[in-house]
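Read in UniProt numbering, the sequence shown has 666 at position 666, and its numbers run on one by one without any break. C-beta: ideal position from N, C-alpha, C; glycine also. None of the values given here were measured: they were computed from a predicted structure. A short worksheet on the structure shown next.
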Amino acid sequence: MPPVGVGSSFSTNTLRTGEAKLWILLVGINDYQDDSLPSLRYPAIDCQGLGEAFELATEGFPNKEVIIHHDNTAQPPTLQVVRASLQRIVSLSRTSDSILLYFSGHGMLEPIQQEAVLCMRDTRKDDLLATGLGMQELVQRLSRSSANQQLLCLDTCHSGDMRLVGVGRARNAVSAPVNPAPQMMDILRQRASQSKGFCALLSCDQGQQSWEFPELGHGVFTYFLMQGLMGEAADSHGVIEADGLYKYVYRQTLQYIDKMNQQLRLINQQKLKRGDSKLHPEYPLQTPKRIVEGVGELVLGVKAKSTEKLILPRRALVIDGLTNNKNTTDLSRVFSGCGGFEVEYVSCVDKGLSEIRASIQELIRWCGEQTASYTQIGSQIGSQRNIPTALLYIRGYVEEIEDGEAWLVLGNGARLSRSTLRQELRRAYNSKQIIVLDCPEADTLENWIEDLQSGLENGQCIITGAASAEKPEVFTRALFETLSQANSQVGLPVASWISELENISIAKGINLHTSLSGTQAVIDILPGNISQAFPEEKFAVVNAPTQLTQLSQSTQQPDILPTGRLEIDTKQYSQLEQLLKQEIGLIASTILQQALTQVSSLELLVNNLAAYLAPEKQQHFQSSAMAILEASAPQKKSGITQSVDEEFTRKCTSELAYIIGPIANFIVQQVLKSNPQISRTEFLKNLALKISEPKQAYEFEQRLLEK
């Protein structure tokens, strides 16, 4: 278990004023002069991208020096060159300075002396100690530096040839039986015990390997290092320090590999159903490791003002072929909000077949035109996002004849043939595709899946659902509910979405069929890291009062909801929210929360909410709302006195780990140990105190209270 997080006592002022200097040495080796050391794919690109990320993160630090050695630099990463750069940093650094060293490449264990060695470009496998940089030598050199703050990042895990079929590959593909990780960690622990300002971040733990993914264009560890330095790991003040960076990289690395494994698992299940026994192996665990002792804050940068938010290349086309339905507009809001899609909504009530086909062709054309999606960001940073994600949702009836041809029958007499749709989809070969067909009463959806499958390298997800004639909207609502209830910060891969839909479909009698392909990239229906789930500006149609202050983005509700001198319990809140949603849609949540902060009586609350409705609907809404609010006095939620059981503890640990990293398990156990009979409410309050961001702490507490 990683140690307790480092404190925050060191100020960034000395770096911002130039009083202290930040020294950065980045080393990456793809190709080795010794043919017995196999080439690697990404270390040079890792160095280049990491250098760009540091340029952004440290643009406010006037006193810095970044030295980069990789295959394509003027000074290649030979042992002599790297030693010279290291010696320069050690000899010139002062007490107030900070040092960061990064190495990406092979690490090996010298068989006789049993010493861990970092392999430089000219390292010879038969003479490792003389031609490589030993870990003992490296830490000894660092110990001679006056700099109090030192960070060593190693993206190298020797694990043998563990390449997976058709997917990622291990960072090292060296065919040797010994692993240097234990010796490497022993040396780093010794160094950490001697210096409170020393910290080491390793790409993985003992017995693991460091994975590379074509989708990311980098090793997964370094990819998230870059994302963290670009601001994703910054605290509330915009400061990026080693402790926060590690927590970010830790949870993102685990989450990405878990998403890929979920996708592989579902693909394998589909293969088994078809009688195909050639299954894709799942990725073994990769858990980034931190070695640190003592206290202190190692500042690496500040979130750059010039860094624009990464623009995700995600576009959705929603075609409602039945009616201009509130359910499909609600779904469009979710796609646009927590889905991060640029959404085009087409109602077939007033659109012909030619216009519908033109919209589909425009979506396909957009896929073909997508390249790097960055604003003021270097081309090497975050290349995962270059692969566009196209979502096509069509709601209509299915018509099929005996010779195999079939159509989606849409409004206004439009008929979209299956062969035409198949032809268009196969033109978008360079994208991730999510296809959703919502077809009430259909009984031949298996044929649509079989015909539309394209075997795209980057992945294709097809979801088809048929609700009954009595409840034609139930599948649309299932799509909406599974997405709107997901955590938009964490995200949702399509593999998990399919699993949730399968469970709901069984309970609600939906005829569901799905298909998932692609082992090169993770397909997300919700990409994560999105704070506003439902944007009001694109889809909400509200008859709003003339004066409306900015609405809160949070959709979580507290256990007891204060409105001035008024209190409303959670049950009343939920019922009132649903009543309001029936009239104005998803924006009801934010309007209700805003109103709760402005009134002090039930009557004022109801009148405030009624002002958003059309005049002819206001009286009915007011009477229904008052009936809800006067039904019972506010009561505290039962979770206040509920005990903390094993399942609840597991959920809390998981949620807390996502926010603060693996130290969450230690904190949870300490709280339980100090008070075994603690109530759920007090338990959550204690855990929330460990979250530095007030908004995150509040949302964490309320999210778990709901459970």
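task: Reducing DSSP to helix, strand and coil, say where K326 ends up.
output: helix
Simplified DSSP state of D235, which is helix, strand or coil: coil
query: With respect to the alpha helix (DSSP H) encompassing T156, which residues constitute its N-terminal and C-terminal limits?
result: Looking at the DSSP string, T156 is not in any alpha helix (DSSP H), and its letter there is neither H nor E.
task: Less than 8 Å between the CB atoms is what I'm expecting for Y102 and V220, so what's the real figure, rounded?
output: Not a contact, Cβ separation roughly 15 Å.
Supposed close pair L526, S488 - CB separation, criterion 8 Å: 6 Å
- request: Check whether the Cβ atoms of G132 and L79 sit closer than 8 Å, and answer yes or no.
  value: yes
- prompt: Comparing alpha-carbon positions, which option in G105, A358, R121, E55 lies nearest L229?
  reply: E55
Alpha-carbon to alpha-carbon, D127 and D35: 14 Å
- request: Can you give me the Cβ contacts of T14 inside the same chain, cut-off strictly under 7 Å, excluding the 5 residues immediately before and after it?
  value: A20, S96
A242, DSSP secondary structure in three states: helix
- request: Reducing DSSP to helix, strand and coil, say where R680 ends up.
  value: helix
Presumed contact (8 Å Cβ cut-off) between Q136 and I187, rounded CB distance: 6 Å
- request: Check D320 in the structure and name its three-state DSSP category.
  value: strand
message: Give me the residue from F61, P76, E59 with the minimum Cα distance to C47.
response: P76
task: Counting only the same chain and skipping the five closest in sequence on each side, list residues whose C-beta sits under 8 Å from that of L579.
output: F621, S624, A625, I628
- request: List the residues that DSSP assigns as beta-bridge partners of residue 758.
  value: Absent from the model: residue 758. The displayed extent of the chain is 1 to 707, so no value can be given.
message: Taking 6 Å as the limit between beta carbons, can you name the residues of its chain near K508, skipping five residues before and five after?
response: V474
task: Compute the Euclidean distance between the alpha carbons of E699 and K303, then round it to the nearest angstrom.
output: 24 Å
- prompt: From Y266 to V522, what distance separates their C-alpha atoms?
  reply: At residue 266 the sequence reads Leu, which differs from the Tyr that was named. Near 12 Å, if we compare the C-alpha coordinates of V522 and L266.
message: Between the alpha carbons of I463 and E399, how many angstroms are there, rounded?
response: 18 Å
query: Which ranges does the beta strand (DSSP E) cover as unbroken runs of at least 3 residues, wholly within the stretch 19–54, from first to last along the chain?
result: 22–28
message: Buried or exposed for Q114, going by 16 or more other Cβ atoms inside 10 Å?
response: exposed
Alpha carbon of H106 to alpha carbon of E212, nearest angstrom: 14 Å
- request: Give the straight-line distance between the Cα atoms of V409 and E355, rounded to the nearest whole angstrom.
  value: 15 Å
- prompt: How long is the line joining the alpha carbons of G18 and S93, rounded to whole angstroms?
  reply: 13 Å
- prompt: Is DSSP giving L279 helix, strand or coil here?
  reply: coil
First and last residue of the uninterrupted alpha helix (DSSP H) at M184: 181–194
query: Helix, strand or coil: which one does DSSP assign to C348?
result: coil
field: Local conformation of E402 per DSSP, three classes
entry: coil
- prompt: Under a Cβ-count criterion, where at least 16 other Cβ atoms within 10 Å of its own Cβ denotes burial, should L322 be classed as buried or exposed?
  reply: buried
message: Beta-carbon within less than 7 Å of T222's beta-carbon, same chain only, minus the 5 sequence neighbours each way: which residues are those?
response: D46, L50, S104, D155
- prompt: In terms of residue numbering, what span does the beta strand (DSSP E) encompassing R422 cover?
  reply: Not the beta strand (DSSP E): R422 falls in the alpha helix (DSSP H), residues 418–425.
field: Proximity of L100 and I24 at Cβ, strictly below 8 Å
entry: yes
- prompt: From which residue to which residue does the beta strand (DSSP E) around I525 run?
  reply: 524–526
- request: Figure out for me which residue from I67, L216, S674, A74 has the closest Cα to the Cα of Y42.
  value: L216
Contact set for residue 748: own chain, Cβ-Cβ below 6 Å, skip 5 residues either direction: Given a span of 1 to 707 for the chain in the structure shown, any question on residue 748 remains unanswerable.
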